[in-house]
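With our numbering applied, the sequence shown covers 1 to 314.
Report on one structure; see the data block that follows.
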Amino acid sequence: MKKLIPLAACALISTGLWAQTTPAKSGNAADSLLNSMNADTKAEPVIATFKSTRLILGATTETVKKNNLNFLVIHRFGDIGGSQGGGKTFFGLDNSSDIYIGFEYGVSDNLDIDFGRSKFAQQIDLGLKYAMVHQTSDDATPFAVTLLGKAGVKAYEANNGEFPTFADRFAYVAQAIIARKFSSNFSLQVTPTFVRDNSPFPFLAGNERSFFAMGIAGRLKVTKRMGIVVDYAHPFSSFRSNANGDNAFYDPLGIGIEIETGGHVFTIVFSNAKAISETSYLSASQSDWGKGQFRLGFTISRMFSFNKKDKKAY
């Protein structure tokens with residue numbers, strides 16, 4: 001599976017670089033006029049590459065429009081199987097591994113500011129998301145690029161000296177999200193990521209504070225309001241690759257069904273990632289699908305608009 005990421009990234013980029021060739025100019029006046037009209041026609045940006053600003057694990061290229069507020073509730077239950085799951089915990093429904101409450105406000109159509117809090121490490125996140133490049137309908141720009149930067153602080157009370165200084169509580173993530181809508185039914189994105197965690201979980205000797213990761217995610221539309229979504233990430237970390245036994249790490253993977261209902265986007269997921277914040281699930285995923293250590297979860301996204309409605313002319 002680790003070899004899948006660079007191959008998929010190359011496939012997305014190479015496919016995205018296919019552009020339509022412009023028609024050759026004709027010598028007659030009618031063709032010249034037509035070419036002139038076509039040159040003046042602006043290509044439309046491709047919209048709704050994804051239905052929400054988040055997929056399963058991480059963010060998409062979508063941003064919140066100006067003066068809109070996106071309210072997010074994300075929940076991850078406990079292990080379905082394994083030693084911590086099964087009937088004694090009602091297959092994980094009695095437990096919660098993480099809960100995230102977040103808000104995303106559109107400063108402009110291309111820029112939003114994000115704020116949220118997770119149960120996991122009681123982490124508080126603040127971030128900026130900027131849609132730098134938009135895919136166009138004529139393939140002159142074959143893919144969209146959105147930049148995301150977040151800073152998080154672990155707010156829980158430390159009892160064992162985990163944080164010698166206040167700065168040790170901070171973690172950061174920077175992402176370049178690159179996506180292409182191949183058709184009205186299928187979208188794919190890759191996400192090069194850099195993570196810096198001043199006190200990474202778990203607290204083990206040799207755990208790297210900084211590392212790169214790559215994410216790949218896709219959405220397949222199956223009906224007008226429903227789609228299948230997949231989200232996967234791989235940290236490029238020698239510490240995590242070499243860990244074994246009880247300290248072994250496993251790449252986070254999520255599979256789900258996304259349903260759009262009016263102003264809501266509701267996603268039902270299964271994932272081995274316990275944490276929701278990017279800095280946490282990329283650095284601390286130690287749950288194995290093969291041992292039943294995956295969990296049910298859901299995401300609810302509700303958009304509110306604060307734009308003044310245009311008054312009708314009578």
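Note that CB positions come from ideal geometry on N, CA and C, so glycine has one too.
Opening and closing residue of the alpha helix (DSSP H) in which residue i lies
| i | result |
| --- | --- |
| L93 | From DSSP, L93 is part of no alpha helix (DSSP H); its letter is neither H nor E. |
| L188 | Unbroken run through L188 is the beta strand (DSSP E), F186 to D197; no alpha helix (DSSP H). |
| L282 | E278 to S283 |
Straight-line Cα distance separating residue j from residue i
| i | j | result |
| --- | --- | --- |
| T89 | I300 | 24 Å |
| M37 | I47 | With a pLDDT of only 49 at M37, under the threshold of 50, the placement of this residue in the model should not be trusted; the figure read from the coordinates follows. Cα-Cα distance, rounded: 24 Å. |
| L296 | G92 | 8 Å |
| D288 | G254 | 12 Å |
| E208 | R196 | 9 Å |
| S283 | F201 | 7 Å |
| F270 | I56 | 9 Å |
| S136 | M214 | For the record, residue 136 in the displayed sequence is Thr; it is not Ser. About 25 Å. |
| T191 | T165 | 32 Å |
| F186 | T223 | 12 Å |
| S280 | D98 | 11 Å |
| S96 | D139 | 44 Å |
| L204 | F249 | 12 Å |
| D246 | N198 | 23 Å |
| D94 | F294 | 14 Å |
| G85 | G206 | 30 Å |
| N272 | S108 | 35 Å |
| I228 | G290 | 22 Å |
| S322 | F77 | One cannot answer for residue 322 here, as it falls past the ends of the chain, which runs 1 to 314. |
| F306 | S83 | 48 Å |
| L188 | G58 | 13 Å |
| E260 | N110 | 22 Å |
| K129 | G87 | 41 Å |
| Y100 | L147 | 21 Å |
| I268 | A43 | 35 Å |
| G263 | K308 | 17 Å |
| V230 | V73 | 19 Å |
| V265 | S184 | 18 Å |
| K154 | P45 | 39 Å |
Chain C within 8 Å of residue i, Cβ atoms only
| i | result |
| --- | --- |
| P164 | The chain inventory of the structure shown lacks chain C, comprising one protein chain alone. |
Delimiting residues of the beta strand (DSSP E) encompassing residue i
| i | result |
| --- | --- |
| Y130 | Q123 to V133 |
| T261 | L253 to T261 |
| Y232 | M226 to F236 |
| I216 | S210 to K221 |
| G116 | L111 to S118 |
| L147 | A144 to K154 |
| A179 | F170 to K181 |
| S305 | R295 to S305 |
| T267 | H264 to S271 |
Test item: CB-CB of residue i and residue j under 8 Å
| i | j | result |
| --- | --- | --- |
| E258 | M226 | yes |
| S285 | D251 | yes |
| T63 | A131 | yes |
| F194 | A174 | yes |
| H75 | F298 | yes |
| G149 | F170 | no |
| N67 | E104 | no |
| G292 | I80 | yes |
| K65 | G102 | no |
| F212 | F182 | no |
| A275 | S118 | yes |
| Y156 | A121 | yes |
heavy atom of the ligand NAD below 7 Å from residue i C-beta
| i | result |
| --- | --- |
| I255 | Here there are no bound small molecules, and the ligand NAD is not part of this structure. |
Any chance the region 176-193 sits against the region 143-150, with 3 or more Cβ pairs inside 8 Å? yes
For the pair the region 46-57 and the region 216-226, tell me if three or more CB-CB distances fall below 8 Å. They touch, by the three-pair rule.
| How do the region 105-120 and the region 239-249 stand: do at least 3 beta-carbon pairs fall below 8 Å, yes or no? | Not touching, per the Cβ criterion.
**Prompt:** Do the region 121-132 and the region 160-168 touch if we need at least three Cβ pairs shorter than 8 Å?
**Reply:** no
Starting from the N-terminal side, write out each stretch of the beta strand (DSSP E) that is 3 residues or longer and does not extend beyond the region 54-104.
-> 68-79
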